[in-house]
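In UniProt numbering, the protein residues as written are 1 to 186. Even glycine gets a Cβ: it sits at the ideal position worked out from N, Cα and C.
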């Protein structure tokens with residue numbers, strides 16, 4: 001079914017029918033294709049439960065550090081023998097339910113670390129290894145302060161894939177403090 005303003009073009013309709021006639025048995029166009037999009041939006045607004053899952057068009061991740069390995073790019077290596085890498089939280093092509101959560105636990109690298117970063121990245125690739133790989137884009141810088149009592153801190157990091165946005169939550173398991181950030185899907 002063709003909907004939207006551009007599908008009103010008889011030329012486009014003819015080209016699509018000619019091109020996909022062998023692939024799709026029935027290509028139809030409603031009388032008012034522009035109104036079909038509007039009605040769909042209204043229906044979604046009235047029945048938010050209409051969308052129950054989505055297939056991710058991008059891979060979402062954050063940056064973490066690990067011990068450096070031979071072959072790591074110098075640009076991602078830290079002076080202390082660690083390397084910043086891309087940690088995929090949910091991969092492109094994955095089908096996820098609305099409000100599905102991805103949960104990870106993180107600990108500060110050092111007991112003297114005053115804050116911890118949860119920068120959010122996005123890429124079209126499924127195999128990104130580093131945050132500066134081609135096509136990896138910074139979606140949001142995010143850092144939370146850590147308490148002065150550095151011992152035994154664990155941060156529960158949760159990404160919730162909503163209908164129109166992604167909610168990231170970082171919860172200090174020791175203090176119960178929660179921090180939230182929302183980003184739009186890419």
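Following the continuous alpha helix (DSSP H) through residue 15, name the residue where it begins and the one where it ends. One-based indexing of the chain shown puts residue 15 at position 15. First-last of the alpha helix (DSSP H) with residue 15: 10-20.
Mind checking which residues open and close the beta strand (DSSP E) that includes residue 159? Numbered from its first residue, the chain shown carries residue 159 at position 159. Element bounds for residue 159: 155-161.
Out of 82, 130, 141, which has the shortest C-alpha to C-alpha gap to residue 182? Here residue 182 corresponds to residue number 182 of the chain shown, with the count starting at 1. Looking at the Cα atoms, 141 is the closest of the given residues.
Residues in the same chain with beta-carbon distance under 7 Å from residue 68, minus the five sequence neighbours each way, listed in chain order, please. Position 68 of the chain shown, counted from the start, is the residue given in the question as residue 68. Cβ within range, chain order: 77, 81, 82, 83.
Any idea what DSSP makes of residue 106, helix, strand or coil? What you label residue 106 is simply residue 106 of the chain shown in a count that begins at 1. Three-state DSSP puts residue 106 in a strand.
Are the beta-carbon atoms belonging to residue 180 and residue 163 less than 8 Å from one another? Mapped onto the chain shown, residue 180 falls at position 180. Mapped onto the chain shown, residue 163 falls at position 163. Against a cut-off of 8 Å, the Cβ pair of residue 163 and residue 180 comes out as no contact.
Touching by the beta-carbon criterion (3+ pairs, under 8 Å), the segment 8-21 and the segment 56-66: no
Could you give the first and the last residue of the continuous beta strand (DSSP E) run that contains residue 172? Sequence index remark: in the chain shown, residue 172 carries index 172 (1-based). Per DSSP, residue 172 belongs to the beta strand (DSSP E) from 165-172.
With distances taken from CA atoms, which of 105, 28, 109 is nearest residue 65? Working through the chain shown from its first residue, we reach residue 65 at position 65. If we check each option's Cα against that of residue 65, 109 comes out closest.
Tell me which residue opens and which closes the beta strand (DSSP E) that residue 55 is part of. Locating residue 55 in the chain shown gives position 55, where the first residue counts as 1. Note, residue 55: beta strand (DSSP E), 53-55.
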